[in-house]
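**Student:** Handing you this structure, nothing more for now.
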Amino acid sequence: MKNNKFTPSLIAAGLALSSFGALADNDRYIIQVDNNAKGIVKALAKQSGAEIHVDADGFIAATFSGKSLDDVKGLLNNPHVKLVEADQKRVPLALFNDDAGDPTQTQLTPYAVYQSQADQVVFDSNAGMKVCVIDSGLDSSNADFNWSAITGDNDIGTGNWFENGGPHGTHVAGTIGAADNGFGVVGMAPGVDMHIIKVFNASGWGYSSDLAQAAQLCSQAGANIINMSLGGGGANSTEENAFKDFVAAGGLAVAAAGNDGNSVRSYPAGYSSVMMIGANDADNNIADFSQYPSCTTGRGKRVTTDETICVEVTAGGVDTLSTYPAGGASLSSMSADGVGFASSAMENTGTASAATYFLGLGDAVDTGAAGKVCVIDRGSVSFYDKVNNCELSGGIGAVIVNNEPGMLYGTLGDTNNTSIPAVGAALEDRSALVAASTIDISIGASDYGYMSGTSMATPAVAGIAALVWSNHPTCTGEEIRSALKATAMDAGATGKDDFFGYGIAQAADMNTYLTQNGCAGGGDTGGGDTGGTGDLTLTANGYKVKGTQRVDLSWADATSSNVDVYRDGNVIATTANDGAYTDALNVKGGGSYSYQVCEAGTTTCSASVSVVF
Numbered sequence: 096m097k098n099n100k101f102t103p104s105l106i107a108a109g110l111a112l113s114s115f116g117a118l119a120d121n122d123r124y125i126i127q128v129d130n131n132a133k134g135i136v137k138a139l140a141k142q143s144g145a146e147i148h149v150d151a152d153g154f155i156a157a158t159f160s161g162k163s164l165d166d167v168k169g170l171l172n173n174p175h176v177k178l179v180e181a182d183q184k185r186v187p188l189a190l191f192n193d194d195a196g197d198p199t200q201t202q203l204t205p206y207a208v209y210q211s212q213a214d215q216v217v218f219d220s221n222a223g224m225k226v227c228v229i230d231s232g233l234d235s236s237n238a239d240f241n242w243s244a245i246t247g248d249n250d251i252g253t254g255n256w257f258e259n260g261g262p263h264g265t266h267v268a269g270t271i272g273a274a275d276n277g278f279g280v281v282g283m284a285p286g287v288d289m290h291i292i293k294v295f296n297a298s299g300w301g302y303s304s305d306l307a308q309a310a311q312l313c314s315q316a317g318a319n320i321i322n323m324s325l326g327g328g329g330a331n332s333t334e335e336n337a338f339k340d341f342v343a344a345g346g347l348a349v350a351a352a353g354n355d356g357n358s359v360r361s362y363p364a365g366y367s368s369v370m371m372i373g374a375n376d377a378d379n380n381i382a383d384f385s386q387y388p389s390c391t392t393g394r395g396k397r398v399t400t401d402e403t404i405c406v407e408v409t410a411g412g413v414d415t416l417s418t419y420p421a422g423g424a425s426l427s428s429m430s431a432d433g434v435g436f437a438s439s440a441m442e443n444t445g446t447a448s449a450a451t452y453f454l455g456l457g458d459a460v461d462t463g464a465a466g467k468v469c470v471i472d473r474g475s476v477s478f479y480d481k482v483n484n485c486e487l488s489g490g491i492g493a494v495i496v497n498n499e500p501g502m503l504y505g506t507l508g509d510t511n512n513t514s515i516p517a518v519g520a521a522l523e524d525r526s527a528l529v530a531a532s533t534i535d536i537s538i539g540a541s542d543y544g545y546m547s548g549t550s551m552a553t554p555a556v557a558g559i560a561a562l563v564w565s566n567h568p569t570c571t572g573e574e575i576r577s578a579l580k581a582t583a584m585d586a587g588a589t590g591k592d593d594f595f596g597y598g599i600a601q602a603a604d605m606n607t608y609l610t611q612n613g614c615a616g617g618g619d620t621g622g623g624d625t626g627g628t629g630d631l632t633l634t635a636n637g638y639k640v641k642g643t644q645r646v647d648l649s650w651a652d653a654t655s656s657n658v659d660v661y662r663d664g665n666v667i668a669t670t671a672n673d674g675a676y677t678d679a680l681n682v683k684g685g686g687s688y689s690y691q692v693c694e695a696g697t698t699t700c701s702a703s704v705s706v707v708f
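Sequential numbering of the sequence shown, starting at 96, is according to our numbering.
In structure tokens, the structure reads:
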């Protein structure tokens, strides 16, 4: 069980994410308008009792209390008004805030840095890379940033960008660019220039109009990359157009897929101009909360496939260590006989340093533990009972060891009345902890903490993009996006899939790929799926003969004598390169299949094409 300690803003986010439809605020609308007549439309809105919140290039956003969309369209029946649409809510996408580790003694490298190969690429601080972070602000109390390279924009509705609206934005920014300075944590692109835009209000959410205006401000600030660890239900054309403009100007926009663990498409990640990012854990498994919308829409002859509206790559987003506002997190540290071990804070701040006493399952009082730190196996009784029995035995601290691989996360419950510090430990460390002569544990307030969510994976990808792009500054954002996909490490099902997309982002492989092939790329170097970066093209037509499924494949521009035909990532045939192949599935009813053709024995492949029956 995870130790889920939410700030109020994250509680609001967690509740909201369970039902995107419930987030719609029918009193607030976006009005697209000719700039030269904006004053007329604003005056008309105010005459109708509206309160204007956003005044941006080409649109305004306003609340019309008690008015429906049709009501507002009627009130603003003016030739200068191009469109009136609902202003959708957007919330931060993070699930858990797990306490673990102690970065106050030395600089720690989060696991996602190693997993993504970011430690193998050197960031070029002279390349002029800048990441725009649209979130809850970056708290100036945390010293683990290159503050001389950070700017921001204030918002009258959310307050100063350098004051946190909850820890979410500070955590996200740390994953992108925490400085390489010998303490705390290190980001994917250490010390990268950042521009911070605070869009979340005191309740922990914002609107699509805020994001649309923020995209404009990111452009004005000279940002190359926009990071959005946020999302919500419902597309919005004003918001979509703002990100189209940013990307058309050469930028890269990334956004979180969402944390409901289902196939629902969240926005802005669901827009074609925005790269959707999923989350994986430290063991290359997909996070159970990571959303996985399909790339395919429509049915039969109307089916279309668009890989830009689904997960394209993933990165580490489970139990991610990063920066917090000063004292905003509580972390534990543990050492045994002077050797450090990972731990998770369970309950009660304080320190304990003493001889070790193995208390077994901790299901009874044992005076042999007096003055010592109890090491206790998980099982039999509750965590609270174990720690309480240790304290009643005279123990001054407790370490509960997991009974399955991995770290133990948990609390002592709402009725906890113990006072000694208690931490969780991993099963893999049990032998060393039980055998140790002495143990030191500490739980206290910290500037660093753990969160989980696609919110944490998204800034990892933004940071990887900034890191590699700094070494190839002539590339465009879309070329960086293609390189991220072409070099991702395949995970999950073979080839591209809805959960991982092309796989886990890999910085060193991406850097090598661009060095060898240039910004335009030249083929796939990971995952076994080129994503259509070569010249080989494929079309597929599904139909039925006497109720059984068949698919006619046609391809062009393959140069080999034979081709490999893939269905759902598996080779189903190696056939002559004559441009045509029929897959007789001998299956009745419905189904969905993904096809790809590659030059035999190579990774020179077509893009994947889906067929839905």
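Don't be surprised by glycine CBs; every beta carbon is placed ideally from N, CA and C.
This structure is a prediction, so every number in the text was calculated from the model and none was measured.
Quick check: the Cα distance between Ala-603 and Tyr-479, rounded to an integer number of angstroms?
**Tutor:** Reading the sequence shown from its first residue, position 508 is the one you call residue 603. Reading the sequence shown from its first residue, position 384 is the one you call residue 479. Cα-Cα distance, rounded: 46 Å.
**Student:** Go to Ser-689, then tell me how far its beta strand (DSSP E) extends in each direction, as first and last residue.
**Tutor:** For this step, residue 689 is matched to residue 594 along the sequence shown. Note, Ser-689: beta strand (DSSP E), 687-694.
**Student:** How about Asp-248 and Ala-316: are their beta carbons less than 9 Å apart?
**Tutor:** Taking the sequence shown and counting its residues from 1, one reaches residue 248 at position 153. Taking the sequence shown and counting its residues from 1, one reaches residue 316 at position 221. Yes, Cβ-Cβ distance for Asp-248 and Ala-316 is below 9 Å.
**Student:** Rounded to the nearest angstrom, what separates Glu-694 and Ala-702 at their Cα positions?
**Tutor:** For the purposes of this step, residue 694 is identified with residue 599 of the sequence shown, where counting begins at 1. For the purposes of this step, residue 702 is identified with residue 607 of the sequence shown, where counting begins at 1. Cα to Cα, Glu-694 sits roughly 13 Å from Ala-702.
**Student:** Using a threshold of 9 Å, state whether the C-beta atoms of Lys-467 and Ala-440 are closer than that.
**Tutor:** Along the sequence shown, read from residue 1 onward, the residue named residue 467 stands at position 372. Along the sequence shown, read from residue 1 onward, the residue named residue 440 stands at position 345. In this structure, Ala-440 does not lie closer than 9 Å to Lys-467 by Cβ.
**Student:** In the DSSP assignment, find the beta strand (DSSP E) that holds Tyr-661 and state where it starts and stops.
**Tutor:** One-based indexing of the sequence shown puts residue 661 at position 566. Looking at the DSSP string, the run of the beta strand (DSSP E) that includes Tyr-661 is 657-662.
**Student:** In the DSSP output, which residue or residues are listed as bridge partners for Gln-644?
**Tutor:** The residue you call residue 644 lines up with position 549 of the sequence shown. BP columns for Gln-644 point to Lys-639.
**Student:** Nearest to Pro-174 by CA position, among Met-283, Gln-210 and Asn-131, is which residue?
**Tutor:** The sequence position of residue 174 within the sequence shown is 79, counting from 1. For the residues Met-283, Gln-210 and Asn-131, the minimum Cα distance to Pro-174 belongs to Asn-131.
**Student:** Kindly give me the distance between the Cβ atoms of Ser-705 and Thr-400, rounded to whole angstroms, as I take these residues to be in contact under 8 Å.
**Tutor:** Numbered from its first residue, the sequence shown carries residue 705 at position 610. Numbered from its first residue, the sequence shown carries residue 400 at position 305. Sure, about 4 Å apart at Cβ, within 8 Å.
**Student:** Out of Asn-665, Lys-683 and Val-660, which one is the CA nearest neighbour of Gly-674?
**Tutor:** Taking the sequence shown and counting its residues from 1, one reaches residue 674 at position 579. For the residues Asn-665, Lys-683 and Val-660, the minimum Cα distance to Gly-674 belongs to Val-660.
**Student:** Roughly how many whole angstroms lie between the Cα atoms of Phe-159 and Ala-437?
**Tutor:** Against the sequence shown, residue 159 aligns to sequence position 64. Against the sequence shown, residue 437 aligns to sequence position 342. One C-alpha to the other measures close to 53 Å.
**Student:** Among Thr-201, Ile-320 and Glu-334, which residue has its Cα nearest to the Cα of Asp-152?
**Tutor:** Within the sequence shown, residue 152 is the residue found at index 57, counting from 1. With distances taken between Cα atoms, Asp-152 lies closest to Glu-334.
**Student:** Among the residues of its own chain, which have a CB less than 6 Å from the CB of Ser-430, if the five just before and after it don't count?
**Tutor:** Position 335 of the sequence shown, counted from the start, is the residue given in the question as residue 430. Asp-535.
**Student:** Count the other C-beta atoms from every protein chain shown that fall within 10 angstroms of the C-beta of Gly-196, then say buried if there are 16 or more, exposed otherwise.
**Tutor:** Here residue 196 is taken as the residue at index 101 of the sequence shown, counted from 1. A caution first: Gly-196 carries a pLDDT of 44, below 50, which makes its placement in the model unreliable, though a value can still be read off. Flag for Gly-196 reads buried.
**Student:** Assign Phe-453 to one of three DSSP states: helix, strand, or coil.
**Tutor:** By 1-based counting over the sequence shown, the position of residue 453 is 358. In the structure shown, Phe-453 sits in a strand (DSSP, three-state: E or B).
**Student:** Bridge partners of Phe-436, per DSSP?
**Tutor:** As a working mapping, residue 436 is identified with position 341 in the sequence shown. Answer by DSSP bridge pairing, in chain order: Met-429.
**Student:** For Pro-500, count the other beta carbons within 10 Å of its own beta carbon; 16 or more makes it buried, fewer makes it exposed. Which is it?
**Tutor:** For the purposes of this step, residue 500 is identified with residue 405 of the sequence shown, where counting begins at 1. That one is exposed.
**Student:** If you scan the segment 376-423 from start to end, which runs of the beta strand (DSSP E) of 3 or more residues do you find wholly inside it?
**Tutor:** Runs of the beta strand (DSSP E) inside the segment 376-423: 406-411 and 415-418.
**Student:** Going by other Cβ atoms of all chains shown within 10 Å of its Cβ, with 16 needed for buried, is Ala-555 buried or exposed?
**Tutor:** Residue numbering aside, residue 555 sits at position 460 when the sequence shown is read from its first letter. Classification for Ala-555: buried.
**Student:** From the DSSP output, which residues share a beta bridge with Met-584?
**Tutor:** In the sequence shown, counting from the first residue as 1, residue 584 sits at position 489. For Met-584, which the question treats as bridged, DSSP gives the partners Ile-599.
**Student:** Return the chain-ordered ranges of every alpha helix (DSSP H) run that is complete within the segment 544-574 and spans a minimum of 4 residues.
**Tutor:** Listed in chain order, the complete alpha helix (DSSP H) runs (minimum 4 residues) inside the segment 544-574 are 549-564.
**Student:** Looking only at its own chain, which residues have a Cβ that is under 6 Å from the Cβ of Ala-588, when we skip the five neighbours before and after it?
**Tutor:** The count along the sequence shown starts at 1 and reaches residue 588 at position 493. Counting only Cβ-Cβ distances below 6 Å, and skipping sequence neighbours, we find Gly-664.
**Student:** Just to confirm my understanding: we take Thr-462, look at its own chain, exclude 5 residues before and 5 after, and list those with CB closer than 8 Å. What are they?
**Tutor:** Along the sequence shown, read from residue 1 onward, the residue named residue 462 stands at position 367. Cβ neighbours of Thr-462 beyond the five flanking positions: Ser-488 and Gly-489.
**Student:** Could you name the residues that DSSP lists as bridge partners for Cys-469?
**Tutor:** Looking up residue 469 in the sequence shown gives position 374. Answer is Tyr-452 and Ala-493, bridged to Cys-469.
**Student:** Is Gln-127 helix, strand or coil by DSSP?
**Tutor:** Within the sequence shown, residue 127 is the residue found at index 32, counting from 1. Residue state, collapsed to three classes: strand.
**Student:** Report the partner residues of Lys-481 according to the DSSP bridge assignment.
**Tutor:** Looking up residue 481 in the sequence shown gives position 386. Answer by DSSP bridge pairing: none, since Lys-481 is not bridged.
**Student:** Tell me whether the beta-carbon of Pro-285 lies closer than 9 Å to the beta-carbon of Ala-268.
**Tutor:** As a first step, residue 285 must be located in the sequence shown, where it is residue number 190. As a first step, residue 268 must be located in the sequence shown, where it is residue number 173. Their beta carbons are not under 9 Å apart, which means Pro-285 does not touch Ala-268 by this criterion.
**Student:** I'd like the list of long-range same chain contacts for Gly-616, defined as Cβ closer than 8 Å, with 5 residues on each side in sequence excluded.
**Tutor:** Along the sequence shown, one-based indexing puts residue 616 at 521. Once the five neighbours on either side are set aside, the close Cβ partners of Gly-616 are Glu-574, Ser-577, Ala-578, Ala-581, Tyr-608, Leu-609 and Thr-628.
**Student:** For Ser-475, collect the residues of the same chain with a Cβ closer than 7 Å to its Cβ; drop the 5 residues on either side in sequence, then sort them by chain order.
**Tutor:** Here residue 475 refers to the residue found at position 380 when the sequence shown is read from its first residue. So the list reads Leu-456 and Asp-458, once near-sequence residues are dropped.
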